[in-house]
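Working notes for the structure below.
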Amino acid sequence: MLYVVLFFLLFSLLLYVILAGADFGAGIVELFSSKESRIITKGTVYRVMGPIWEANHIWIIIVIVILWIAFPDFYNVLTVYLHIPLTLVLMGITLRGVAFVFRHYDAYKGRLHKLYDWMFRISSLVTPIFIGLTFGAMVSGKLIITNDYAAYSFYDVFIAPWFNIFSLLVGFFFMALCAFLSAILLIGEAKKEDINIYLKKSIVATVLVILSGFFTLTYGYLNDIIFVTDFIENRYSNYLILLSGILIYPLLRSIKKGHKVTSRGLAGAQVILILTAALIAHFPHIIITSTSEIGLLDNVASEKVINSLGIALIIGGSLILPGLFHLFKSFKIIKVLDL
Amino acid sequence: MDNLDAARLQMAFTLIFHIIFACVGMVMPFFMIVAHKKWLNTKDPIYLTLTKSWQRGVAIFFVTGAVSGTALSFELGLLWPEFMKHAGPIIGMPFSLEGAAFFIEAIALGFYLYGWNKLPEKFHWFTGVIIGVSGVASGILVVAANGWMNAPSGFDYIDGKFTNIDPIKAFLNDAWFTQALHMTLAAFTAVGFAVAGIHAYQIYRKKQIELHKKAFKIAITFAAVAAILQPISGDLSAKDIAERQPVKLAAMEAHFETEKGAPLFIGGIVDEENQEVSYKIEIPKALSFLAFGDFDAEVKGLNEFPKEDHPNIAIVHYAFQVMVGIGTLLMFAGILFFVSLKKKKWWELNKFWLAFTILAPLGFIALEAGWIVTEVGRQPWIIHNIMRTKDAVTPMPGMIFSFYTYVVLYTILTIAVTWLMRRQIQFLNASKI
Numbered sequence: 004m005l006y007v008v009l010f011f012l013l014f015s016l017l018l019y020v021i022l023a024g025a026d027f028g029a030g031i032v033e034l035f036s037s038k039e040s041r042i043i044t045k046g047t048v049y050r051v052m053g054p055i056w057e058a059n060h061i062w063i064i065i066v067i068v069i070l071w072i073a074f075p076d077f078y079n080v081l082t083v084y085l086h087i088p089l090t091l092v093l094m095g096i097t098l099r100g101v102a103f104v105f106r107h108y109d110a111y112k113g114r115l116h117k118l119y120d121w122m123f124r125i126s127s128l129v130t131p132i133f134i135g136l137t138f139g140a141m142v143s144g145k146l147i148i149t150n151d152y153a154a155y156s157f158y159d160v161f162i163a164p165w166f167n168i169f170s171l172l173v174g175f176f177f178m179a180l181c182a183f184l185s186a187i188l189l190i191g192e193a194k195k196e197d198i199n200i201y202l203k204k205s206i207v208a209t210v211l212v213i214l215s216g217f218f219t220l221t222y223g224y225l226n227d228i229i230f231v232t233d234f235i236e237n238r239y240s241n242y243l244i245l246l247s248g249i250l251i252y253p254l255l256r257s258i259k260k261g262h263k264v265t266s267r268g269l270a271g272a273q274v275i276l277i278l279t280a281a282l283i284a285h286f287p288h289i290i291i292t293s294t295s296e297i298g299l300l301d302n303v304a305s306e307k308v309i310n311s312l313g314i315a316l317i318i319g320g321s322l323i324l325p326g327l328f329h330l331f332k333s334f335k336i337i338k339v340l341d342l
Numbered sequence: 005m006d007n008l009d010a011a012r013l014q015m016a017f018t019l020i021f022h023i024i025f026a027c028v029g030m031v032m033p034f035f036m037i038v039a040h041k042k043w044l045n046t047k048d049p050i051y052l053t054l055t056k057s058w059q060r061g062v063a064i065f066f067v068t069g070a071v072s073g074t075a076l077s078f079e080l081g082l083l084w085p086e087f088m089k090h091a092g093p094i095i096g097m098p099f100s101l102e103g104a105a106f107f108i109e110a111i112a113l114g115f116y117l118y119g120w121n122k123l124p125e126k127f128h129w130f131t132g133v134i135i136g137v138s139g140v141a142s143g144i145l146v147v148a149a150n151g152w153m154n155a156p157s158g159f160d161y162i163d164g165k166f167t168n169i170d171p172i173k174a175f176l177n178d179a180w181f182t183q184a185l186h187m188t189l190a191a192f193t194a195v196g197f198a199v200a201g202i203h204a205y206q207i208y209r210k211k212q213i214e215l216h217k218k219a220f221k222i223a224i225t226f227a228a229v230a231a232i233l234q235p236i237s238g239d240l241s242a243k244d245i246a247e248r249q250p251v252k253l254a255a256m257e258a259h260f261e262t263e264k265g266a267p268l269f270i271g272g273i274v275d276e277e278n279q280e281v282s283y284k285i286e287i288p289k290a291l292s293f294l295a296f297g298d299f300d301a302e303v304k305g306l307n308e309f310p311k312e313d314h315p316n317i318a319i320v321h322y323a324f325q326v327m328v329g330i331g332t333l334l335m336f337a338g339i340l341f342f343v344s345l346k347k348k349k350w351w352e353l354n355k356f357w358l359a360f361t362i363l364a365p366l367g368f369i370a371l372e373a374g375w376i377v378t379e380v381g382r383q384p385w386i387i388h389n390i391m392r393t394k395d396a397v398t399p400m401p402g403m404i405f406s407f408y409t410y411v412v413l414y415t416i417l418t419i420a421v422t423w424l425m426r427r428q429i430q431f432l433n434a435s436k437i
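Put into structure tokens, the structure is as follows:
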């Protein structure tokens, strides 16, 4: 049953990154658009994301709940030592969600919409950066796990692990991934005359992903960050990254041919490959602190707990997934053969 | 202010807001689907306008409820890491199911909001029913998890270690049913009176009278039924607390000495130092009867328990008085509404509408007061008789700044939501039906 739980954890995390990532990216694409294309983007984003964006963001709650039930010690480290970046993520999620609703549900259209729009765009930009920052902090090797808080300064324990160049670079990399996902998604939904806008954006985003990835790895390598050196030396991680890179070619072809489902699938697959590569680089340890390494499976909840969680997840999943699939299908986010 | 107080304040503050958003998101879908059903049955366009207007309310509150709920799911760990480390696996069952129910609600909401003229009529309406049902289910599941904090079960506690965990037993703890019932009824009462009150005010102002009367009737019917049933559920809760958490009951009643045939105090000012309650109304033997169904039963007083196990007595006592007082008032208001159905003339009186306007915020005040009773009343424990709140708090210093940040964020949120709702009503009043 532990594997069922692990599967759901990974599955929810990946879906969160892809679906919510594309959703964050929509705001980023909008932010970096010219005035006219901003309005077009806003309309497109609403059409594509409106019915599904709420559901997209619930995956993070599932991730959190699985972590705290099944892997309480691991979760404990996150909440104690990454308190500040996680709080920043929360602020971002809150402001963004609220701005999205306000700009589409205010009964009157007026000047205030400018405020909602900017709130939406800015929080779309910073939230994924903070999420990436948190990931970065987990593997930065700068976390200090201690019971003796008096021995260290507040800065050393609670700020330094995430407030550093490496974590920030990971933040930018994650942000670029979000923009990439969204640009590809929007190509498929745009009207013919607008397609070029998103084509350009997706190329810029792709370049950004490659560059920020390159910088992150170079910086990490030069500064001897264990995670990065492991990543570079791990054969499987390299294969996955290589494969993700190769996929750019079919992606470009499918975009040119207007196969929107294929292009979305490919873009999603690329991001999943990159994340998996990062995940296995230092497997089974996911948190690398200054003195030790912490694995997800170091301290798992008792068997009875895992079993009941597994059953709850299977039942929940069997209700949610068909519903979600139907939702995506009904609003043409994915196209399947009409049976 | 020390770290513990700041963390407690932040938790209280975020919960107070989340409860409002979550309750509206949980109850309003029911009003919406009733109006929707009436539109499908009668094809009266007023019902369609009403449905669409309520649907915007549902969407706005669902999102604010969802984001403040996401924040809370993080905050439990961020503020109380030691609690979550041990309690997480034990009370995970209701939380994971709640996650699922909430997910289903979000999916159904997606269908409902964007499904107009796209989905088959009946299926579309049914997705609205799913929103309501899964919303209530989420509420019950979360309250069940809270119930466990009051009535911890499903584990053995040996030498400070939690072993032999049984998640199902923890889920079905002794407090889950009475708390969930009380909260569900409270949610319907609070939201019903609030929504009905807002529409009553529009009738009072003579705006779109026909529409607002229809809206009023739907909302108040739910509220009145819930308010009339609530005292029964309150009685169940009181008897349950008397048995499980005698300190909490004693604090609710500001009852210091153990005695047989204990009197019930209504109101009064608590003087904790001299152990006195002045200016109260005293009903002989009533507390014994209410708590144990026996006029001569013994009710334990606060002095029976060590001082370090006492909650803040004044706060719990006052909050309890507010809850019961308003609850009783709303029960009578509910009865008044059912009488008014026979006396149609009342519906022409402006006083009638003014009365319901004034009642609008009271349900929520009682609801918040009730949560203050149960949460402050459980202190100093975060898990009753097992773990103290002070041992659960985050080791990170400077929580006060986190608290201030949340105050700013949630204040903006509340102002914005209130303002947005006003605009919805203005828009509704200005529209031609």
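Order-wise, the sequence lines are chains S and D. At position 138 of the first sequence the residue is numbered 141 (our numbering), and the sequence of numbers has no breaks. At position 283 of the second sequence the residue is numbered 287 (our numbering), and the sequence of numbers has no breaks. Glycine included, each C-beta is placed from N, C-alpha and C at the ideal position. Owing to the predicted nature of the structure, the values given are computational and were not obtained by experimental measurement.
CB contact flag (residue i, residue j, <8 Å)
i	j	result
residue 188 of chain D	residue 140 of chain D	yes
residue 181 of chain D	residue 97 of chain D	no
residue 232 of chain D	residue 338 of chain D	yes
residue 447 of chain D	residue 304 of chain S	Residue 447 of chain D is absent from the model: chain D starts at 5 and stops at 437.
residue 306 of chain D	residue 254 of chain D	yes
residue 133 of chain D	residue 37 of chain D	yes
residue 188 of chain S	residue 136 of chain S	no
residue 97 of chain S	residue 75 of chain D	yes
residue 82 of chain S	residue 13 of chain D	no
residue 23 of chain D	residue 353 of chain D	no
residue 1 of chain S	residue 191 of chain S	This structure cannot speak to residue 1 of chain S, because chain S is shown only from 4 to 342.
residue 168 of chain D	residue 160 of chain D	yes
Chain S within 8 Å of residue i, Cβ atoms only
i	result
residue 114 of chain D	yes
residue 5 of chain D	no
residue 170 of chain D	yes
residue 64 of chain D	yes
residue 406 of chain D	yes
residue 67 of chain D	yes
residue 219 of chain D	no
residue 126 of chain D	no
residue 147 of chain D	no
residue 92 of chain D	yes
With 16 other Cβ atoms within 10 Å as the buried cut-off, status of residue i
i	result
residue 205 of chain D	buried
residue 335 of chain D	buried
residue 42 of chain S	exposed
residue 6 of chain D	exposed
residue 327 of chain S	buried
residue 56 of chain S	buried
residue 252 of chain D	buried
is_contact[residue i, chain D] using C-beta, thresh 8 Å
i	result
residue 6 of chain S	no
residue 308 of chain S	yes
residue 18 of chain S	no
residue 24 of chain S	no
residue 75 of chain S	yes
residue 311 of chain S	yes
residue 188 of chain S	no
residue 94 of chain S	yes
residue 192 of chain S	no
residue 341 of chain S	Unreliable positioning characterises residue 341 of chain S in this predicted model, as indicated by a pLDDT of 37, which lies under 50. A coordinate reading is not provided.
Distance cut-off 7 Å: residue i Cβ against heavy atoms of the ligand SAM
i	result
residue 250 of chain S	Ligands are entirely absent from the displayed structure, and the ligand SAM is therefore not among its contents.
Do the region 179-197 of chain S and the region 284-299 of chain S touch if we need at least three Cβ pairs shorter than 8 Å?
-> no
Please go through the region 197-270 of chain S and give each complete beta strand (DSSP E) segment of 3 or more residues, from N-terminal end onward.
-> none
Report yes or no: do the region 220-231 of chain D and the region 196-209 of chain D share at least 3 C-beta pairs separated by less than 8 Å?
-> yes
Is the region 82-96 of chain S close to the region 29-49 of chain S, with three or more CB pairs under 8 Å?
-> no
For the 8 Å Cβ check, are there 3 or more pairs between the region 317-325 of chain S and the region 372-384 of chain D?
-> no
Pick out the complete alpha helix (DSSP H) segments inside the region 305-376 of chain D, 4 residues or longer, and give them in chain order.
-> 317-346 and 354-363
Which whole runs of the alpha helix (DSSP H) in the region 86-138 of chain S are 4 residues long or more, in chain order?
-> 86-108
Hey, which unbroken runs of the alpha helix (DSSP H) at 4 residues or more fall wholly within the region 191-224 of chain D?
-> none
Does the region 257-265 of chain D come close enough to the region 306-323 of chain D that 3 or more CB-CB pairs lie under 8 Å?
-> yes
State whether the region 55-62 of chain D contacts the region 29-46 of chain D, with contact taken as three or more CB pairs (one from each stretch) at a distance under 8 Å.
-> yes
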